[in-house]
């Protein structure tokens, strides 16, 4: 028994006429009659009582008609639901993220995504880089946002850049360094640094090593912390400074001064994706993230004249 048998039977039963049903279904009357007989033979009982001009449902036919209509409706809904998921209009979207670097665009990207795909349920997962990579690799996450990991960690995955995040020298606002307009990396190399935990954020330590290697030096790390809040507290308390992405400002409640490095350096922030084709929902969200990050960058370019992010007039640009 196939769905077409059910569609043919329902059309004949509701029209009470084989000829009209054949016209509606765009099949010949003899072919339609044969399909109904095949269905009855398979079931082992009659569904229709036939007269010269019309057909009527038998008692068994009335019961079968009710169930057949319900089954056809479920099949139609199944197709619609699957198609909606396939094009990214329904379903679940699991997103991995690192809270501090994504703060500039994630919330606005979520709002933009919800506006165009309200039936997709988004679930956010604040994870370490290794957890995000594992999640994308095993399918638990459809996409994840983080600074670009080391190349060897991305085997079997790909990285789609969303924006560049400037690196800066974070100091307490009350410190004498806070008066600096910029700072050379050679000067930073002489200072004690606090950093994210190497166990939780190995790529951050790799980045520091690479940065200081450009001046044939190494970072002088005196403390490690597992999250941005503790790192900010350590800097503000005078335990050390940090070479950190500009987005740390969002977690600092303006207790820190972010000083541009000289020469300017930046990190690539983007999406960790499956090497194969992304789901339609993940692709749509990535488009929203790109659009919102560009909007955020334009806003900062127009209003930020010194670090951290203070609105100033264009006349005060350095």
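Residue numbers (the numbering used here): 706 to 1023. A virtual CB, placed ideally from N, CA and C, is assigned to each residue, including glycine.
Check                                                                                                                                                             : Outcome
Could you pull out every residue in the same chain whose Cβ sits closer than 8 Å to the Cβ of residue 882, ignoring the five residues on either side in sequence? : 874, 876, 888, 946, 962, 964
Go to residue 971, then tell me how far its beta strand (DSSP E) extends in each direction, as first and last residue.                                            : 971 to 979
Would you mind listing the beta strand (DSSP E) stretches within the stretch 742 to 791 that are 3+ residues and don't spill past its ends, in chain order?       : 753 to 755, 760 to 762
Using a 10 Å radius around the Cβ and a threshold of 16 neighbouring Cβ atoms, would you call residue 746 buried or exposed?                                      : exposed
State yes or no: is the C-beta of residue 834 within less than 8 Å of the C-beta of residue 854?                                                                  : yes
Go through its chain and collect everything with a Cβ distance to residue 722's Cβ below 6 Å, but skip five positions before and after it.                        : 759
Let me know the secondary structure DSSP gives residue 896 once reduced to three states.                                                                          : coil
Excluding sequence positions up to five away, which residues of its chain have a Cβ less than 8 Å from the Cβ of residue 999?                                     : 868
Please confirm whether residue 787 and residue 862 have their CB atoms less than 8 Å apart.                                                                       : no
Can you tell me where the beta strand (DSSP E) with residue 871 in it begins and where it stops?                                                                  : 862 to 877
Distance check for residue 800 and residue 826, CA to CA, integer angstroms please.                                                                               : 11 Å
Determine the closest residue to residue 974 out of 942, 940, 952, with distance taken between C-alpha atoms.                                                     : 952
For the alpha helix (DSSP H) containing residue 720, list its first residue and its last residue.                                                                 : 708 to 720
By the three-class DSSP mapping on this structure, what secondary structure does residue 906 have?                                                                : coil
Only counting the same chain, and skipping five residues up and downstream in sequence, which positions put a Cβ closer than 7 Å to that of residue 1012?         : Residue placement at residue 1012 cannot be trusted, given a pLDDT of 24 that sits under 50; what the coordinates show is reported in the next sentence. So the qualifying residues of the chain are 873, 963, 964, 965.
Relative to the C-alpha of residue 893, which residue among 843, 742, 921, 790 is closest?                                                                        : 921
Please classify residue 957: is it buried, with 16 or more other beta-carbons within 10 angstroms of its beta-carbon, or exposed?                                 : buried
Could you spell out where the beta strand (DSSP E) holding residue 700 opens and where it closes?                                                                 : The shown model of the chain, from 706 to 1023, leaves out residue 700, and the question about it has no answer.
By alpha-carbon positions, which one of 918, 798, 805 ends up nearest to residue 983?                                                                             : 798
Following the continuous alpha helix (DSSP H) through residue 880, name the residue where it begins and the one where it ends.                                    : Counting along the chain, residue 880 falls outside any alpha helix (DSSP H), and DSSP gives it neither H nor E.
Cβ of residue 920 within 7 Å of any heavy atom in the ligand ADP?                                                                                                 : Of ligands this structure carries none, so the ligand ADP is not represented either.
Among 736, 732, 711, which one has its Cα closest to the Cα of residue 748?                                                                                       : 711
Assuming residue 978 contacts residue 848 under a Cβ cut-off of 8 Å, what Cβ separation, rounded to an integer in Å, is found between them?                       : 6 Å
Is residue 920 helix, strand or coil when you go by DSSP?                                                                                                         : coil
Alpha carbon to alpha carbon, how far is residue 878 from residue 940?                                                                                            : 10 Å
Please state the DSSP three-state secondary structure of residue 826.                                                                                             : strand
With distances taken between CB atoms, is the gap from residue 810 to residue 972 smaller than 8 Å?                                                               : no
Could you tell me the distance, in whole angstroms, from the CA atom of residue 924 to the CA atom of residue 954?                                                : 21 Å
Which value, in whole angstroms, describes the spacing of the CA atoms of residue 927 and residue 915?                                                            : 18 Å
Between residue 706 and residue 866, what straight-line distance do the alpha-carbon atoms span, to the nearest angstrom?                                         : 51 Å
With burial defined as no fewer than 16 other Cβ atoms inside 10 Å of the residue's Cβ, what is the status of residue 844: buried or exposed?                     : exposed
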